[in-house]
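Heads up: the sequence lines are chains A and B, in that order.
For the first sequence, this note's numbering begins at 115 and goes up steadily by one.
For the second sequence, this note's numbering begins at 115 and goes up steadily by one.
Reading through the structure tokens given below for one structure.
2 protein chains.
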Amino acid sequence: MQNSPIGLMDSGVGGLTVLKEVQRLLPTEKTVFLGDQARLPYGPRDAAEVTTFTRQIAGFLQRQANIKMLIIACNTATAAALATMQQELTIPVVGVIAPGSRSAVQTTRNHRIGVIATTGTIKSDQYRQNILAKDPNNQVFSLACQDFVELVEANDLDSEHARSVVKAGLTPLLDRNIDTLVMGCTHFPLLRPLIQEVMGPDVTLVDPGTATADMATSLLDYWNLANPSGVRHPQGDYYTTGDVDRFNKLADNWLEETPVRAHHLPVADLIQTTEVE
Amino acid sequence: MQNSPIGLMDSGVGGLTVLKEVQRLLPTEKTVFLGDQARLPYGPRDAAEVTTFTRQIAGFLQRQANIKMLIIACNTATAAALATMQQELTIPVVGVIAPGSRSAVQTTRNHRIGVIATTGTIKSDQYRQNILAKDPNNQVFSLACQDFVELVEANDLDSEHARSVVKAGLTPLLDRNIDTLVMGCTHFPLLRPLIQEVMGPDVTLVDPGTATADMATSLLDYWNLANPSGVRHPQGDYYTTGDVDRFNKLADNWLEETPVRAHHLPVADLIQTTEVE
Numbered sequence: 115m116q117n118s119p120i121g122l123m124d125s126g127v128g129g130l131t132v133l134k135e136v137q138r139l140l141p142t143e144k145t146v147f148l149g150d151q152a153r154l155p156y157g158p159r160d161a162a163e164v165t166t167f168t169r170q171i172a173g174f175l176q177r178q179a180n181i182k183m184l185i186i187a188c189n190t191a192t193a194a195a196l197a198t199m200q201q202e203l204t205i206p207v208v209g210v211i212a213p214g215s216r217s218a219v220q221t222t223r224n225h226r227i228g229v230i231a232t233t234g235t236i237k238s239d240q241y242r243q244n245i246l247a248k249d250p251n252n253q254v255f256s257l258a259c260q261d262f263v264e265l266v267e268a269n270d271l272d273s274e275h276a277r278s279v280v281k282a283g284l285t286p287l288l289d290r291n292i293d294t295l296v297m298g299c300t301h302f303p304l305l306r307p308l309i310q311e312v313m314g315p316d317v318t319l320v321d322p323g324t325a326t327a328d329m330a331t332s333l334l335d336y337w338n339l340a341n342p343s344g345v346r347h348p349q350g351d352y353y354t355t356g357d358v359d360r361f362n363k364l365a366d367n368w369l370e371e372t373p374v375r376a377h378h379l380p381v382a383d384l385i386q387t388t389e390v391e
Numbered sequence: 115m116q117n118s119p120i121g122l123m124d125s126g127v128g129g130l131t132v133l134k135e136v137q138r139l140l141p142t143e144k145t146v147f148l149g150d151q152a153r154l155p156y157g158p159r160d161a162a163e164v165t166t167f168t169r170q171i172a173g174f175l176q177r178q179a180n181i182k183m184l185i186i187a188c189n190t191a192t193a194a195a196l197a198t199m200q201q202e203l204t205i206p207v208v209g210v211i212a213p214g215s216r217s218a219v220q221t222t223r224n225h226r227i228g229v230i231a232t233t234g235t236i237k238s239d240q241y242r243q244n245i246l247a248k249d250p251n252n253q254v255f256s257l258a259c260q261d262f263v264e265l266v267e268a269n270d271l272d273s274e275h276a277r278s279v280v281k282a283g284l285t286p287l288l289d290r291n292i293d294t295l296v297m298g299c300t301h302f303p304l305l306r307p308l309i310q311e312v313m314g315p316d317v318t319l320v321d322p323g324t325a326t327a328d329m330a331t332s333l334l335d336y337w338n339l340a341n342p343s344g345v346r347h348p349q350g351d352y353y354t355t356g357d358v359d360r361f362n363k364l365a366d367n368w369l370e371e372t373p374v375r376a377h378h379l380p381v382a383d384l385i386q387t388t389e390v391e
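Structure follows, in structure tokens:
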């Protein structure tokens with residue numbers, strides 16, 4: 115099992131921001147990533163449906179790659195499905211919300227924290243609950259920015275259009291005097307420069323991917339699951355249910371070790387694979 | 115269980131360096147610390163005896179404080195007893211060697227890593243094995259510095275005598291061209307300024323306590339064991355089997371929140387408590 119890969123899943127390419135941190139902290143671990151772009155976005159879907167999708171993907175990654183750990187590199191799927199997946203799977207399952215909340219609590223000085231995320235994540239209220247559980251002195255300002263996801267999936271990261279969408283989206287947070295902003299959707303770190311520009315230099319942006327990779331590292335060590343081969347595996351395996359060329363292009367821009375050559379996985383196979391069992 | 119304290123144990127005051135990191139990262143967690151100074155040093159004892167001591171202390175902390183997690187804040191006891199304690203206890207048990215090894219591997223650039231520790235830890239060879247498992251390209255230079263422990267326990271951290279002991283102890287490492295030195299005994303970070311002075315500014319000192327506190331944080335989040343009260347508990351509970359005044363003085367120097375008022379715990383009670391069960 116130590117030689118098995120770590121599986122990561124997302125509704126699309128956003129999870130690559132978490133993958134990048136995992137590859138940085140754990141260069142000797144194999145990784146396998148699945149972006150469910152054909153069914154993107156997850157944000158507006160209800161929790162039961164997102165849980166079904168997550169279960170299908172987890173099943174595929176276990177059968178295809180015998181993953182030793184699953185990282186739900188998607189805030190919407192974490193909010194909807196983490197607890198269920200932790201119950202159903204025998205491997206460790208890591209989500210992004212608890213680590214992201216921890217980072218935010220450790221970052222803020224004035225105890226005013228913004229959270230931007232998809233509609234589904236904001237609706238779940240889990241960031242606010244997690245942050246207040248760790249320190250009720252905080253005030254949390256939550257804001258759904260669903261349309262940021264489309265910008266990222268379209269690889270539109272720095273156009274004038276992107277700038278205006280980001281600016282309009284963040285406006286409700288500008289007068290809240292927050293000093294910390296959680297990028298509570300794994301797509302959003304790809305828009306970091308624009309988000310920072312709009313929020314100004316006094317707001318620290320928290321990328322939950324960093325703390326999530328950190329948690330994965332701790333759990334591998336705790337269960338003695340780290341790969342002892344010592345061979346670097348900078349290049350992971352990639353699957354997308356969507357368009358391969360678009361996936362590869364975005365992954366190549368974002369990840370350091372390239373080129374990425376994703377496999378196409380039809381959604382029908384994903385569903386069938388799970389039902390066959 | 116979420117409101118229960120985290121237990122930390124050491125042969126003496128060295129574990130306070132880990133406690134300090136835990137209190138920094140997890141200010142809302144209650145802590146209870148036991149320093150077994152009456153039976154110090156652990157370093158020269160055999161593994162079976164150290165395991166017995168660790169079991170006695172774990173039993174005391176569970177009965178006295180219903181701890182929700184045990185951090186073995188002692189490298190010697192981690193090397194001797196971590197695996198056994200993880201099997202015997204139903205709460206998470208965290209040691210310092212795996213996190214410390216991870217830190218070292220992530221720190222080194224030239225893949226030449228020094229490890230200084232007690233005789234027992236060096237003899238266990240666990241740092242070398244852990245570091246090589248994570249990356250076999252590393253070379254590990256291990257060195258027992260047992261007499262550093264006495265300096266710290268005597269609160270002799272910056273005298274000329276301390277300087278000469280540290281210098282003599284580290285001399286075998288000076289021509290090894292290491293760029294990273296693991297302080298593989300929790301007492302040693304109290305000697306950090308002297309160790310840094312002797313090793314020179316190009317050697318990065320790794321304190322496993324930082325990564326251990328990080329692992330504890332991840333595990334609390336993973337099992338949903340973090341204290342949700344949000345109340346700060348900067349001041350822990352302290353027990354020593356040794357001299358209370360000496361313990362308090364050293365703890366007051368090292369920890370930020372003071373004064374520390376340790377309870378004295380006779381070794382006889384520690385043994386009896388365990389045997390009574």
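Every residue gets a Cβ at the ideal spot worked out from N, C-alpha and C, and that includes glycine.
No experiment lies behind these values; they were computed from the predicted model shown.
Practice task
Grab me the residues of B/Glu-135's own chain with a C-beta within less than 6 Å of its C-beta, minus the 5 sequence neighbours each way, in chain order.
Solution key: If you number the second sequence from 1, residue 135 of chain B lands on position 21. Answer for B/Glu-135: Gly-323, Thr-324 and Ala-327, listed in chain order.
Problem - Chain-ordered residues of the stretch 187 to 218 of chain A with a beta carbon less than 7 Å from chain B - result: Ala-212, Pro-213 and Arg-216
Handout entry: Contacts of A/Met-329 in chain C (Cβ-Cβ under 8 Å)
Key = Protein chains in the displayed structure are A and B, and chain C is not among them.
Problem - A/Thr-145 and A/Gly-350 closer than 7 Å at C-beta - result: Walking along the first sequence from the start, residue 145 of chain A turns up at place 31. Walking along the first sequence from the start, residue 350 of chain A turns up at place 236. In this structure, A/Gly-350 lies closer than 7 Å to A/Thr-145 by Cβ.
Handout entry: C-alpha gap between A/Leu-379 and A/Asp-150, whole angstroms
Key = Here residue 379 of chain A is taken as the residue at index 265 of the first sequence, counted from 1. Here residue 150 of chain A is taken as the residue at index 36 of the first sequence, counted from 1. So the alpha carbons of these two residues sit roughly 9 Å apart.
Problem - A/Arg-375 versus A/Asn-251, A/Phe-361 and A/Cys-299, residue with shortest Cα-Cα distance - result: Taking the first residue of the first sequence as 1, we reach residue 375 of chain A at position 261. When each option's Cα is compared against that of A/Arg-375, the closest is A/Phe-361.
Problem - Boundaries of the beta strand (DSSP E) in which B/Ile-230 is found, first to last residue - result: To locate residue 230 of chain B, count along the second sequence from 1; it is residue 116. 226 to 231 is the extent of the beta strand (DSSP E) around B/Ile-230.
Practice task
Could you have a look at B/Thr-318 and say whether DSSP puts it in helix, strand or coil?
Solution key: Counting from one through the second sequence, the residue named residue 318 of chain B turns up at place 204. In the structure shown, B/Thr-318 sits in a strand (DSSP, three-state: E or B).
Practice task
Could you tell me the boundaries of the alpha helix (DSSP H) in which A/Asp-359 lies?
Solution key: Indexing the first sequence from 1 puts residue 359 of chain A at position 245. Segment 358 to 368, the alpha helix (DSSP H) holding A/Asp-359.
Practice task
Please confirm whether A/Leu-287 and A/Gly-234 have their CB atoms less than 7 Å apart.
Solution key: In the first sequence, counting from the first residue as 1, residue 287 of chain A sits at position 173. In the first sequence, counting from the first residue as 1, residue 234 of chain A sits at position 120. Not in contact: A/Leu-287 and A/Gly-234 (Cβ atoms no closer than 7 Å).
Practice task
Determine, using beta-carbon pairs with one atom in the stretch 182 to 199 of chain A and one in the stretch 207 to 221 of chain A, whether at least three such pairs fall under 8 Å.
Solution key: yes
Problem - Selected residue, minimal CA-CA separation from B/Ala-218, among B/Thr-204, B/Ser-238 and B/Ile-245 - result: Here the question's residue 218 of chain B lines up with position 104 in the second sequence. Among B/Thr-204, B/Ser-238 and B/Ile-245, the Cα nearest to that of B/Ala-218 is on B/Ile-245.
Handout entry: Chain-ordered neighbours of A/Asp-249 on chain B, where CB pairs are closer than 7 Å
Key = Looking up residue 249 of chain A in the first sequence gives position 135. Near A/Asp-249 (Cβ distances below 7 Å), the residues of chain B are Thr-142 and Gly-344.
Handout entry: Collapsed DSSP secondary structure at B/Ile-245 in the structure displayed
Key = The residue labelled residue 245 of chain B in the question sits at position 131 within the second sequence. If DSSP states are grouped into helix, strand and coil, B/Ile-245 belongs with the helices.
Exercise for the section: Using three-state DSSP, classify B/Thr-354 as helix, strand or coil. Expected result: Start at 1 with the first residue of the second sequence, and residue 354 of chain B comes out as number 240. Correct three-state label for B/Thr-354: strand.
Handout entry: Coil, strand or helix - B/Ala-191 by DSSP
Key = For the purposes of this step, residue 191 of chain B is taken as residue 77 along the second sequence, with counting starting at 1. Helix at B/Ala-191.
Handout entry: Beta carbon of B/Pro-303 nearer than 7 Å to that of A/Ala-247
Key = Taking the first residue of the second sequence as position 1, residue 303 of chain B is located at position 189. Taking the first residue of the first sequence as position 1, residue 247 of chain A is located at position 133. No, Cβ-Cβ distance for B/Pro-303 and A/Ala-247 is not below 7 Å.
Practice task
Please confirm whether A/Val-263 and A/His-301 have their CB atoms less than 7 Å apart.
Solution key: Counted from its first residue, the first sequence places residue 263 of chain A at position 149. Counted from its first residue, the first sequence places residue 301 of chain A at position 187. Going by C-beta atoms, A/Val-263 is nearer than 7 Å to A/His-301.
Exercise for the section: Enumerate in chain order the residues of its own chain whose CB-to-CB distance from B/Asn-180 is below 7 Å, with the five nearest sequence positions on each side excluded. Expected result: Position 66 of the second sequence, counted from the first residue, corresponds to residue 180 of chain B. Correct list, in chain order: Ser-118.
Problem - Sequence-distant residues of its chain with Cβ nearer than 6 Å to B/Leu-384 (five each side left out) - result: Your numbering for residue 384 of chain B matches position 270 in the second sequence. Within the same chain, B/Leu-384 has close Cβ partners Gln-170 and Phe-174.
Practice task
Give the residues of chain A in contact with B/Ala-172, contact being defined as C-beta atoms less than 8 Å apart.
Solution key: Here residue 172 of chain B refers to the residue found at position 58 of the second sequence. Result: empty, since nearest Cβ-Cβ is about 17 Å, beyond 8 Å.
Handout entry: Burial state of B/Asp-289 (16 or more Cβ within 10 Å)
Key = Against the second sequence, residue 289 of chain B aligns to sequence position 175. Counting Cβ neighbours within 10 Å, B/Asp-289 comes out exposed, since fewer than 16 surround it.
Exercise for the section: Take A/Val-132 and list the residues in its own chain whose beta-carbon comes closer than 7 Å to its own, dropping the five residues that flank it on each side. Expected result: The count along the first sequence starts at 1 and reaches residue 132 of chain A at position 18. Contacts found: Leu-122, Ile-185, Ala-187, Val-210, Thr-300, Gly-323, Thr-326 and Ala-327.
Exercise for the section: Give the secondary structure of A/His-275 by DSSP, where H, G and I count as helix, E and B as strand, and everything else as coil. Expected result: Stepping through the first sequence from its first residue, residue 275 of chain A is reached at position 161. The answer is helix: DSSP assigns A/His-275 an H, G or I state.
Problem - Residues of its chain near A/Val-320, where Cβ-Cβ distance is below 8 Å and the 5 sequence neighbours each way are ignored - result: The residue you call residue 320 of chain A lines up with position 206 of the first sequence. Closer than 8 Å at Cβ, skipping near neighbours: Gly-214, Ser-217, Ala-218, Thr-221, Thr-294, Leu-295, Val-296 and Met-297.
Practice task
Name the one or two DSSP bridge partners that A/Leu-122 has.
Solution key: Reading the first sequence from its first residue, position 8 is the one you call residue 122 of chain A. Looking at the DSSP assignment, A/Leu-122 forms a beta bridge with A/Phe-147 and A/Ile-185.
Practice task
Run the CB neighbour count on A/Thr-354, radius 10 Å, all protein chains shown included, and call it buried at 16 or more, exposed below.
Solution key: Start at 1 with the first residue of the first sequence, and residue 354 of chain A comes out as number 240. The residue in question, A/Thr-354, is buried, as its Cβ has 16 or more Cβ neighbours within 10 Å.
Handout entry: Closest Cα partner of A/Leu-333 within the set A/His-377, A/Val-381 and A/Met-183
Key = For the purposes of this step, residue 333 of chain A is taken as the residue at position 219 of the first sequence. The shortest C-alpha separation from A/Leu-333 is found at A/Met-183.
Handout entry: Counted within 10 angstroms of its Cβ, other Cβ atoms place B/Val-390 as buried (16 or more) or exposed
Key = Looking up residue 390 of chain B in the second sequence gives position 276. The predicted position of B/Val-390 is uncertain, since its pLDDT is 45 and thus under 50; no value can be drawn from it.
Problem - Segment limits, beta strand (DSSP E) that includes A/Ser-425 - result: Because chain A spans 115 through 391 in this model, residue 425 of chain A falls outside it and cannot be assessed.
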